[in-house]
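Asker:
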Amino acid sequence: MIWVALSTLLIATLRSATPLLLAALGGIFSERSGVVNIALEGIMLSGAWGAVFFSYISGNAWVGLLGAILVGVLMAGLHAVASIKYHADQVVSGTAINLLATGFTEFMLNRIWGQAGGSPSVAAIPNVGGLSLFVYLAFGLAIVSWFALYRTPWGLRLRSVGEHPLAADTVGINVYKMRYAGVLLSGVFGGLAGASLSIGLLSRFVHGMSAGKGFIALAAVIFGNWNPLGAMGATLLFGASESLGTMFQIFGIENVPTQFFAMTPYVLTMLALAGFVGRSVAPAADGVPYKKTT
Numbered sequence: 067m068i069w070v071a072l073s074t075l076l077i078a079t080l081r082s083a084t085p086l087l088l089a090a091l092g093g094i095f096s097e098r099s100g101v102v103n104i105a106l107e108g109i110m111l112s113g114a115w116g117a118v119f120f121s122y123i124s125g126n127a128w129v130g131l132l133g134a135i136l137v138g139v140l141m142a143g144l145h146a147v148a149s150i151k152y153h154a155d156q157v158v159s160g161t162a163i164n165l166l167a168t169g170f171t172e173f174m175l176n177r178i179w180g181q182a183g184g185s186p187s188v189a190a191i192p193n194v195g196g197l198s199l200f201v202y203l204a205f206g207l208a209i210v211s212w213f214a215l216y217r218t219p220w221g222l223r224l225r226s227v228g229e230h231p232l233a234a235d236t237v238g239i240n241v242y243k244m245r246y247a248g249v250l251l252s253g254v255f256g257g258l259a260g261a262s263l264s265i266g267l268l269s270r271f272v273h274g275m276s277a278g279k280g281f282i283a284l285a286a287v288i289f290g291n292w293n294p295l296g297a298m299g300a301t302l303l304f305g306a307s308e309s310l311g312t313m314f315q316i317f318g319i320e321n322v323p324t325q326f327f328a329m330t331p332y333v334l335t336m337l338a339l340a341g342f343v344g345r346s347v348a349p350a351a352d353g354v355p356y357k358k359t360t
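Offset between the sequence shown (1-based) and the numbering used here: plus 66.
1. For H145, is the classification buried or exposed, using 16 other Cβ atoms within 10 angstroms of its Cβ as the cut-off for buried?
2. Given G290, which residues of its chain have a CB within under 6 Å of its CB, disregarding the five upstream and five downstream residues?
3. Just the C-alpha distance for L268 and R177, rounded to the nearest angstrom, thanks.
4. Spell out the partners DSSP gives N164 in its beta bridges.
5. Output the boundary residues of the alpha helix (DSSP H) element that contains K151.
6. Return helix, strand or coil for N193, following the three-state DSSP convention.
7. Grouping DSSP H, G and I as helix and E and B as strand, with all else coil, what is G184?
8. Note down the Cα distance separating A234 from A208, rounded to an integer number of angstroms.
9. Can you tell me whether V354 is helix, strand or coil according to DSSP?
10. Quickly, what does DSSP pair V272 with across the bridge? List them, please.
11. Scan the segment 222–309 and note each continuous beta strand (DSSP E) run of 3 residues or more that stays entirely inside, going in chain order.
12. So what's S198 in DSSP terms, helix, strand or just coil?
13. Can you tell me where the alpha helix (DSSP H) holding G108 begins and where it ends?
14. Cβ atoms of A167 and L80: under 9 Å apart, would you say?
15. Taking all protein chains shown into account, do 16 or more other C-beta atoms lie within 10 angstroms of the C-beta of Y122, making it buried, or fewer, making it exposed?
16. Expressed to the nearest angstrom, what Euclidean distance is found between the alpha-carbon atoms of A261 and G108?
17. What's the C-alpha gap between L303 and T359?
18. Pair every Cβ in the segment 323–334 with every Cβ in the segment 123–137, then say whether three or more of these pairs are closer than 8 Å.
19. I need the straight-line Cα distance from N293 to V272, nearest angstrom please.
20. Mapping the DSSP letters down to three states, classify P323 as helix, strand or coil.
21. State the DSSP-derived secondary structure class of S99, mapped to helix, strand or coil.
22. With DSSP run on the structure shown, which of helix, strand or coil describes A348?
23. Tell me which same chain residues have a C-beta within less than 6 Å of the C-beta of F95, skipping the five on either side of it?
24. Could you give the distance in angstroms between the alpha-carbon of V227 and the alpha-carbon of T236?
25. Using DSSP with H/G/I as helix, E/B as strand and the rest coil, what is T359?
26. Could you tell me the distance, in whole angstroms, from the CA atom of S187 to the CA atom of V241?
27. Enumerate in chain order the residues of its own chain whose CB-to-CB distance from L76 is below 7 Å, with the five nearest sequence positions on each side excluded.
28. Would W115 be called buried (16 or more neighbouring beta carbons within 10 Å of its own) or exposed?
29. Comparing C-alpha positions only, which one of G280, P231 and I104 sits nearest to L87?
30. Taking a contact to mean a Cβ-Cβ separation below 9 Å, would you say A259 touches A283 in this structure?
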């Protein structure tokens, strides 16, 4: 019985952690380049809708996956242009993207399918070994992302513009180009995260289905100290806390409120920021617009 419970918890943890990890990886690329990205929630939600829409019109889940990436990149592109080109407040821009995504997806549900609650079922990405392909993709990309950031010249350039953009500019690194790359990559990963929810878990889009996961992913970025492997550990911890709450309900244990597990990621992040759980230090120029002097 105990082994069945543990294996069930492990599978549930991996499923819960997958969209968080994908979104968190996108957040890391964006913030390592110096652009705060609280738009992850909106990018995820838009990507989830894009995956279902393109899967619906094509009848092919893989086309839906590409559609999710496309929509995610478009939403991230709006944030990039506002933050990098026009030097807008990055928190305000991200909030606007989140609001836009909520309104846009609700409008399109009514416009395309004539219903506000959710879409019809569509073709979904298949499972392998009882787990969605998104699970393998997410954890594989975490390792690739770590290698790209810390073992390649490109990663060094990206981190340099997030730490000291003026110095990077002085040695010939295009700060704007690298920041656009970081934010647009967050759109790719955020779109994948949304797709993992809609065509990875449910085979349909439900209004508001991101349900705050983008903000939990941002918490994982901070708790993981802006490191892909750290974020992977954080999302596994957060996924386990969410799954544990669900298992308590399944086994009829009602003494612990489910809200306790829902707030765990945020509590742990605040402890990390306060210095009680390791030391969480953001890139020095994170959130600071760069204005090139001539």
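All C-beta atoms, glycine included, are put in the ideal place defined by N, C-alpha and C.
It should be emphasised that the depicted structure is a prediction, and the values quoted were computed from it without experimental measurement.
Answerer: Taking the structure as given:
1. buried
2. G296, A297 and A300
3. 21 Å
4. Partner(s): none; N164 has no beta bridge.
5. Unbroken run through K151: none, as it is neither H nor E.
6. strand
7. strand
8. 26 Å
9. coil
10. G184
11. none
12. strand
13. L106 to S124
14. no
15. buried
16. 13 Å
17. 44 Å
18. no
19. 31 Å
20. coil
21. coil
22. coil
23. G248, L251 and S252
24. 11 Å
25. coil
26. 43 Å
27. none
28. buried
29. G280
30. yes
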